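What follows is a set of notes on a single structure, which appears directly below.
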Amino acid sequence: MQKDFRLEWRQRAALNGMLLYVSSTVFVCYLSFSSRGGQLPAPAWNALFWIVLLFSAVNAVAKGFLQESRGRMLYYYTVVRPQAVILAKIAYNALLLLGLALVAFGLYAVVLGNPVQDVPLFVGTVLLGAVGFASTLTLVSGIAAKATNSSTLMAVLGFPLMVPMLLLLIKVSKNALDGLEFEASRSSLLTLVALNMIVGAVSYLLFPFLWRS
Amino acid sequence: MKNWWKALSVVLLLYVAVAGMLLPVPRLAILNETIRNLYFHVPMWFGMTFILVASVYYSVRYLRTPTPELDIRAHEAARTGILMGFVGLATGSIWAKFTWGAWWTNDPKLNGAAIAMLIYGAYLVLRSSFTDEQQRARVSAIYNIFAFATAMPLFYILPRLTDSLHPGAGGNPAFAKYDLDSNMRLVFYPAVIGWTLLAFWLAQLASRVSLLKLKVYEKQIA
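One line per chain: the protein sequences are V and U, in this order.
First residue of the first sequence? That's 46 in our numbering, and the numbers climb one at a time after it.
First residue of the second sequence? That's 7 in our numbering, and the numbers climb one at a time after it.
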């Protein structure tokens, strides 16, 4: 599994591309709202942030399977167990998304202002979001890679599946923005963790079947 | 009698149609006679859930032992579930027009149901984008299980976390209140059973048609 992780890490060229993608998206947001005098109302700030993350997540994770060559897949197949592959991919994607999200948050806070009042809770939400997006999208990209029109399918399959997670994430991060006490967002956070675990477990169980074909 | 459950479904639904319209219902403000929608709207979601569970069951069995028959059964069950979902949305929407005054409101339950329909719509899109039949069957079985695991929280967990205008949440008249009225229970439970059986019947008929088509196709090839 460690080796697999390292193999993923070697394709770092994609990482720089993603970093640039996120920064330009944030900057486009900044420029399009700068005519309003800079400051965004908190709900709009929050919504925009998650939309930026959503699109960069879909783009970043889509690379996971779509760019994999058939020969390499066959090679992995002979060397490691499928469970190791999916776990490594999820872990890698989660780390990647977390990195991207933190960069996005930093840039976003610099150019659009930082209305977050409870930063630890917000970062925790971003962490849960990264893990959740990674585990949902990794399996979806595996599914989409099998079909003919993969890039459209990636969006069609991925977006609705992520909505439940996104709704909870937006709710909790809005609480973090407003600086509500932890009690207000505890049940949503727990549900989020449970949802992540469900999605992760289902991916873990289903991937071997996907892998075989 | 082999087909007793089909007969039961017909009898129950006829009973629901007649009794649901004629039996007395509690007089509640605003709701008035629209409360009878309980017999038609709510059982749709019950039926949809049961038939989707059946679909997942067939998908799991397909992954264990791949046969075209199991794939067809899973597919037709999912399609029936989608149909039930759309009828559920439609009946809910008509009801909402008369009680809330709008066809659609920004409500967690409504949005959750709509998104779940999108998730299952993606299932149909996914199926149509394969040329190889075995691969289509395998991948859509995988997606079906995955979709079920993410769609069910939308129905049964998320709406309970937020206040909602929908009956059953946020202090609106709910099941518990209806349940006190044994007259309504007399129609509601048969309605749930009847619509669920109808859903299974529909799925069975659809899969039989598909299976026959498959057989004809194989004959033609041979």
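Ideal Cβ positions, reconstructed from N, Cα and C, are used throughout, including at glycine.
What you are looking at is a predicted structure, and each value in this text was computed from that prediction instead of being measured.
CB contact below 9 Å: residue i versus chain V
i                     : result
residue 160 (chain U) : yes
residue 206 (chain U) : no
residue 118 (chain U) : yes
residue 131 (chain U) : yes
residue 23 (chain U)  : no
residue 176 (chain U) : Confidence at residue 176 (chain U) is low in this model, with a pLDDT of 46, below 50, so the placement of that residue is unreliable and no value is reported for it.
residue 59 (chain U)  : no
residue 228 (chain U) : no
residue 29 (chain U)  : no
residue 155 (chain U) : yes
residue 214 (chain U) : no
Anticipated Cβ contact below 8 Å, residue i with residue j, distance rounded
i                     : j                     : result
residue 61 (chain U)  : residue 91 (chain U)  : That belief does not hold up - the Cβ atoms of residue 61 (chain U) and residue 91 (chain U) are roughly 12 Å apart, past 8 Å.
residue 128 (chain U) : residue 201 (chain V) : 5 Å
residue 205 (chain U) : residue 46 (chain U)  : Not confirmed; about 13 Å, so no contact.
residue 152 (chain U) : residue 122 (chain U) : Actually they do not touch by this definition, with Cβ atoms about 13 Å apart.
residue 153 (chain V) : residue 71 (chain V)  : 5 Å
residue 196 (chain U) : residue 22 (chain U)  : 6 Å
residue 181 (chain V) : residue 203 (chain V) : 7 Å
9 Å Cβ cutoff, residue i in contact with chain U
i                     : result
residue 186 (chain V) : no
residue 135 (chain V) : no
residue 125 (chain V) : no
residue 219 (chain V) : no
residue 254 (chain V) : yes
residue 241 (chain V) : no
residue 192 (chain V) : yes
residue 78 (chain V)  : no
residue 204 (chain V) : yes
residue 236 (chain V) : yes
residue 208 (chain V) : yes
residue 68 (chain V)  : no
residue 130 (chain V) : no
Where residue i falls, given that 16 or more other Cβ within 10 Å makes a residue buried
i                     : result
residue 104 (chain V) : buried
residue 226 (chain V) : exposed
residue 134 (chain V) : buried
residue 50 (chain U)  : buried
residue 29 (chain U)  : exposed
residue 211 (chain V) : buried
residue 43 (chain U)  : buried
residue 71 (chain U)  : exposed
residue 202 (chain U) : buried
residue 194 (chain U) : buried
residue 123 (chain V) : exposed
residue 209 (chain V) : buried
residue 224 (chain U) : exposed
residue 85 (chain U)  : buried
residue 79 (chain U)  : buried
residue 170 (chain V) : buried
residue 119 (chain V) : exposed
Selected residue, minimal CA-CA separation from residue i, among the options
i                     : options                    : result
residue 114 (chain U) : V:74, V:89, V:253, V:213   : V:213
residue 156 (chain U) : U:118, U:203, U:210        : U:118
residue 141 (chain U) : V:66, V:255, V:203, V:62   : V:255
residue 191 (chain V) : U:150, U:100, U:137        : U:137
residue 76 (chain V)  : V:138, V:157, V:186, V:170 : V:157
residue 104 (chain U) : U:216, U:27, U:41          : U:41
residue 243 (chain V) : V:141, V:178, V:126        : V:178
residue 184 (chain V) : V:86, V:249, V:79          : V:249
Q: Give, in chain order, every unbroken run of the alpha helix (DSSP H) that is at least 4 residues long and sits entirely within the region 106-130 of chain U.
A: none
Q) Where in the region 189-227 of chain V do unbroken runs of the alpha helix (DSSP H), each at least 4 residues long, occur, reported from the N-terminal end onward? A) Runs of the alpha helix (DSSP H) inside the region 189-227 of chain V: 195-223.
**Q.** In chain order, each alpha helix (DSSP H) run of at least 4 residues that lies wholly inside the region 30-71 of chain U
**A.** 47-70
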